[in-house]
Amino acid sequence: MAINGVLRPGHAVLRALDLDESVHFYTEVLGLHETGRDRAGRVYLKAWDERDHNSVILRQSDRAGLDCFGFKVLNDATLRTLEGRLREYGVATERVPAGEMLETGERVRFQIPTGHLIELYAQKTSVGNGLGDLNPEAWSLNQKGISPLRMDHALIYGGDIDGNRKLFEEVLEFTLVERVKLEDGVTDLATWLTCSNKAHDIAMVRHAEDNKLHHVSFLLETWEAVLRAADIMSMHRVSIDLGPTRHGITRGTTIYFFDPSGNRLETFSGGYQWYPDQTPITWTWDEVGRAIFYHDRKLNPAFLEVVT
Amino acid sequence: MTRHAIHLDDTGETFLCDEARPVLLGMEALGRRGIPVGCRGGGCGVCKVQVLSGQYVARVMSRTHVSAEDEAAGRVLACRIRPMTDLRLRVLGPMRVQPEAGAGPDQSVDH
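First to last, the protein sequences are chains P and Z. Take 46 as the starting number for the first sequence in our numbering and just add one per residue. Take 16 as the starting number for the second sequence in our numbering and just add one per residue.
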């Protein structure tokens with residue numbers, strides 16, 4: 046499969062209870078680069094190896110959580126096609142004008158069955174990763190903190206994850222990669238979907254309340270980097286939820302931790318590549334502990350209950 | 016370093032917490048239990064408590080979980096309050112009945 050529709054997660058707009066504190070955390074501890082601020086006061090950030098202008102946007106609010114999650118699509122024609130397909134499917138879409146977010150083209154915004162706002166866009170200014178496109182060095186010396194390669198995926202919580210999956214599969218051409226079944230062996234507790242050949246680009250867990258965020262995840266290159274990230278979190282007294290450990294699902298090595306507003310983040314490395322000739326992996330309820338936390342082999346209450 | 020006694024009405028537990036430290040972190044640092052632990056950043060609401068008596072200083076908390084009325088009535092998040100005197104608390108958060116061994120099924124062990 047060539048990746049020629051939805052390319053990848055492109056931005057997460059997160060709410061901050063104390064914007065200055067959050068900007069300090071995201072730049073000095075997580076190590077994202079600040080790339081701009083707009084008139085609405087939103088702060089734009091990117092990971093060092095990302096080419097596009099921004100992948101994390103922070104907005105001051107009196108509530109924690111996720112405003113919206115955006116995916117970049119191949120080009121303007123793809124954006125129009127997907128917008129048409131969404132409408133045919135019965136999803137109301139809204140066009141957010143180019144420039145409403147810094148260095149970002151028109152966005153097609155819509156609500157998915159779990160209540161989350163999802164955006165598609167084709168244009169975002171490429172500012173590069175600092176290495177250039179001609180005979181580049183291997184990595185940038187301009188890094189601090191944890192310094193992930195990119196914003197990689199999100200795990201969202203809400204009621205109708207079946208409706209979400211149907212929409213992502215049938216309209217946006219995502220594919221199911223892994224799932225966890227509830228005790229009845231039929232109902233999905235959780236699903237992991239890909240639009241690329243990553244093991245996941247978005248995941249969702251069935252939850253009593255709609256429009257909740259479990260985590261936004263950032264990619265690190267190695268397990269060693271995951272350990273180093275945990276050290277940096279301890280140096281800065283960052284609230285760690287769990288890890289370093291490994292997920293059975295996707296096989297990624299991971300740390301769950303929280304930003305200063307209580308939004309859960311993940312830094313992870315590894316996991317396998319997915320190809321369209323693979324069949325989805327299913328985890329049964331009696332093995333859900335090992336599926337989520339491969340070494341502890343049990344679910345903790347926080348995984349199911351602590352969301353923003 | 017000035018420490019105050021934090022008393023949990025639910026469990027009868029008492030622990031000492033420094034003025035510089037949020038109550039929830041003070042509890043955790045001593046390995047004590049009773050208040051559910053979530054994000055520790057005022058965002059998720061699981062450590063919501065009713066302050067029954069005593070003075071504290073609070074930081075900003077998510078309005079999803081703590082309304083202005085809550086805040087005025089001492090219904091606050093334990094991760095965002097630092098004790099200025101001894102405190103008596105009652106746990107309000109949704110996870111206040113903590114399962115003994117996690118929410119999922121028992122860990123399976125091969126013998």
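Note that beta-carbon positions come from the ideal geometry of N, C-alpha and C, so glycine has one too.
Environment of residue i [buried if 16+ CB atoms lie within 10 Å]
i        : result
P:Asn211 : The sequence given here places Lys at residue 211 of chain P; Asn does not occur at that position. When all chains shown are included, P:Lys211 counts as exposed.
P:Thr232 : exposed
Z:Val64  : buried
P:His69  : exposed
P:His358 : Here chain P comprises residues numbered 46 to 353, so residue 358 of chain P is not present and cannot be evaluated.
Z:Ile96  : buried
P:Asn99  : buried
P:Asn308 : buried
P:Pro305 : buried
P:Asn49  : exposed
Z:Val72  : exposed
P:Pro321 : exposed
Z:Leu10  : A query on residue 10 of chain Z cannot be resolved here, the shown segment of chain Z reaching from 16 to 126 and no further.
P:Ser67  : buried
P:Ser279 : exposed
Z:Gly60  : buried
P:Thr149 : buried
P:Thr353 : buried
Inter-residue CB distance, residue i and residue j (contact presumed, cutoff 8 angstroms)
i        : j        : result
P:Ser314 : P:Gly288 : Actually they do not touch by this definition, with Cβ atoms about 12 angstroms apart.
P:Leu194 : P:Glu266 : 6 angstroms
P:Val51  : P:Val118 : 5 angstroms
Z:Leu67  : Z:Asp24  : 6 angstroms
Z:Asp33  : Z:Arg18  : 5 angstroms
P:Val250 : P:Ala235 : 4 angstroms
P:Leu217 : P:Leu127 : 7 angstroms
Interface flag, residue i vs chain P, CB-CB below 7 angstroms
i        : result
Z:Gly58  : yes
Z:Met110 : yes
Z:Gly41  : no
Z:Val91  : no
Z:Val64  : no
Z:Val72  : no
Z:Val61  : yes
Minimum Cβ-Cβ distance from residue i to chain Z less than 7 angstroms
i        : result
P:Glu350 : yes
P:Asp107 : yes
P:Phe302 : no
P:Ser279 : no
P:Ser16  : Since the first residue of chain P shown is 46 and the last is 353, residue 16 of chain P is not available in this structure.
Span of the beta strand (DSSP E), counted from its first residue to its last, around residue i
i        : result
Z:His22  : Arg18 to Leu23
P:His69  : Per DSSP, P:His69 belongs to no beta strand (DSSP E); it is in the alpha helix (DSSP H), Leu64 to His69.
P:Ala199 : Arg195 to Gly203
P:Glu223 : Thr220 to Lys226
Z:Gly41  : No beta strand (DSSP E) holds Z:Gly41; the alpha helix (DSSP H) holding it covers Val38 to Ala44.
P:His260 : Lys257 to Leu264
P:His78  : His78 to Arg82
Z:Asp105 : This sequence places Arg at residue 105 of chain Z; Asp is not what is there. Element bounds for Z:Arg105: Leu102 to Val106.
Z:Cys32  : Thr29 to Asp33
P:Ala143 : Counting along the chain, P:Ala143 falls outside any beta strand (DSSP E), and DSSP gives it neither H nor E.
P:Trp237 : Asp233 to Thr239
P:Ala355 : Any property of residue 355 of chain P remains undetermined from this structure, which presents chain P solely from 46 to 353.
Z:Gly91  : Residue 91 of chain Z is actually Val in this sequence, not Gly. It spans Arg90 to Leu92 - the beta strand (DSSP E) in which Z:Val91 sits, taken as one unbroken run.
P:Ile285 : Ile285 to Arg291
Z:Thr79  : Where Z:Thr79 is concerned, there is no enclosing beta strand (DSSP E), given that its DSSP letter is neither H nor E.
P:Thr327 : Ile326 to Trp328
P:Tyr166 : Leu162 to Tyr166
Z:Lys63  : Lys63 to Ser68
Proximal residues of chain P, C-beta to C-beta of residue i below 9 angstroms
i       : result
Z:Ser77 : Arg60, Leu62, Ser106, Asp107, Arg108, Ala109, Gly110, Ser306, Gly307 and Thr353
Host alpha helix (DSSP H) of residue i (start-end)
i        : result
P:Gly135 : Element bounds for P:Gly135: n/a, residue is neither H nor E.
P:Pro346 : Pro346 to Glu350
P:Arg210 : Ile206 to Glu215
P:Met280 : Trp268 to Met280
P:Ala336 : Val333 to Ile337
Z:Asp85  : Ala83 to Ala87
Neighbouring residues, chain Z, relative to residue i (Cβ below 7 angstroms)
i        : result
P:Ala347 : Gly53
Chain P residues whose Cβ lies nearer than 7 angstroms to that of residue i
i        : result
Z:Val106 : The contacting residues do not exist; Z:Val106 stays about 14 angstroms from chain P at best.
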